[in-house]
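The structure under discussion appears below in the form of structure tokens.
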Amino acid sequence: MTAQTAPFPASTPAARHALDAGASISGAAHPGAPLVTLAGIDKVFQNGTIALSGLDLGIREGEFVSLLGPSGCGKSTALRILAGLIPASRGAIGWAGGGDAEAHQRDIGFVFQEPTLMPWASVADNVYLPLRLRGVSRKAASQAIDSCLSLVGLEQFAKSYPRELSGGMKMRVSIARALSLRPKLLLMDEPFAALDEITRFKLNDDILRLQQEFRCTIVFVTHSVFESVYLSSRIVVMAARPGRIIAEIDVDAPRPRDRDFRTTPAYGDYCRKASEALHGAMGYDEHL
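Mapping of the sequence shown onto full-length UniProt numbering: position 232 corresponds to residue 232, and the numbering continues sequentially without gaps.
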């Protein structure tokens, strides 16, 4: 049985459960209309590896959802299934308004762990790539390119090449490129994992600001408890072998957030909850 695409909300109990805010640790409800759900998703690779088993995940408009878990728990696989980059082996994917990921391609932006920039192209031309693939002329795209580069603070580097940029600047170009089509759903696969802590903190703030400006929904993969708490409205904790969700934590702290949040008692409490859930995921794996 292969994955199916269903009008949203999907008519399975798993789909309805995936959007049940009562399943989370804090029990807080999430604002925003349903956007997409994964219901009963399995993913088995050709070598027999079971990457995901029975994954139920609902995403609402305006959320910032972090997928937190150890290596090999299927976080990136779930993200790629959401994006339509790989198929699920089993389960249902439901989009608001119906259709599949391909039908919603213009509404999805993806930021990979590596910047994946074209080394022979300028910063501006790298940002132009998604627009070019949509048939938009370079002239017609000029304003959108300038706007996206301005949003990430790189308008003065439009004519530079990737080799002339720092790691953090390359990642900003990658983010600008993902935003060029003004997606409703931005998927980010550990984009800051290779960066130093100072740069990472700065880009965390940039992402929160960009979400406010673009009013987009973000699903963010990370290994970092501290990053997930700072960024998220909800943290989904996953365990491996096979990949599955074992806990959800609502981060009910006010948004938008700034660096002062990192020093509050509430931040410490959420980090403790997330750490305990992550240790539980790792301990669960050790007993399999």
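Don't be surprised by glycine CBs; every beta carbon is placed ideally from N, CA and C.
Taking the beta strand (DSSP E) that residue i belongs to, which residues open and close that run?
i: residue 323; result: Residue 323 lies beyond the range of the chain shown here (1 to 288); nothing can be said about it.
i: I93; result: R90 to W95
i: D250; result: R244 to D250
i: I145; result: Taken as a continuous stretch (DSSP letters only), I145 belongs to no beta strand (DSSP E), being part of the alpha helix (DSSP H) at R138 to L151.
i: F110; result: I108 to V111
Within 8 Å (strictly less), CB to CB, does residue i reach chain B?
i: M282; result: Reference to chain B is not applicable here, since this structure consists of a single protein chain.
Going by CA-CA distance only, name the one from the options that's closest to residue i.
i: K139; options: D125, L151 and A33; result: D125
i: G280; options: R259, G69 and Q212; result: G69
i: S233; options: F220, A144, L117 and A239; result: F220
i: N204; options: R262, I249 and R60; result: R262
i: A277; options: D269, V251 and I246; result: I246
i: C148; options: F214, D196 and G268; result: F214
i: S150; options: R177, L231, V229 and P130; result: R177
i: E155; options: D146, P162 and R163; result: D146
i: residue 375; options: E164, E190 and T264; result: The chain is shown from 1 up to 288; residue 375 falls before or after that span and cannot be answered.
i: A144; options: L179, L82 and P162; result: L179
i: S122; options: A141, G153 and F157; result: F157
On the criterion of 16 or more Cβ atoms from any shown chain inside 10 Å, does residue i qualify as buried, or is it exposed?
i: M188; result: buried
i: R106; result: exposed
i: D227; result: Correcting the residue type first, residue 227 is Glu in the shown sequence and not Asp. By the neighbour-count rule (16 or more Cβ atoms within 10 Å), E227 is buried.
i: I198; result: exposed
i: G283; result: exposed
i: M118; result: exposed
i: G91; result: buried
i: F64; result: buried
i: P34; result: buried
i: K159; result: exposed
i: T264; result: exposed
i: A274; result: buried
i: S224; result: buried
i: D269; result: exposed
i: L79; result: buried
i: D56; result: buried
i: P162; result: buried
i: F45; result: exposed
Just list the residues that DSSP pairs residue i with in beta bridges.
i: K43; result: L52
i: V123; result: Beta-bridge pairing links V123 to no other residue.
i: F214; result: Looking at the DSSP assignment, F214 forms no beta bridge with any residue, so it has no partner.
i: P34; result: R60
i: T222; result: L68
Residue i lies in the alpha helix (DSSP H); which residues open and close that run?
i: L181; result: From DSSP, L181 is part of no alpha helix (DSSP H); its letter is neither H nor E.
i: V225; result: V225 to L231
i: D189; result: Note, D189: premise wrong, no alpha helix (DSSP H); beta strand (DSSP E) at L185 to D189.
i: G81; result: For the sequence presented, residue 81 should be read as Ile rather than Gly. First-last of the alpha helix (DSSP H) with I81: K75 to A83.
Margin query: Closer than 8 Å is the cut-off here; do at least three beta carbon pairs connect the stretch 162-179 with the stretch 82-100?
Written below: no
Note to self: Would the stretch 202-216 count as touching the stretch 247-261 if we require 3 or more Cβ pairs under 8 Å?
What the structure shows: yes
Item checked: Stretch-stretch touch, CB-based, cutoff 8 Å, three pairs: the stretch 176-184 with the stretch 38-56 -> no
Checklist line | Stretch pair the stretch 239-253 + the stretch 68-88: three plus CB contacts closer than 8 Å | finding: yes
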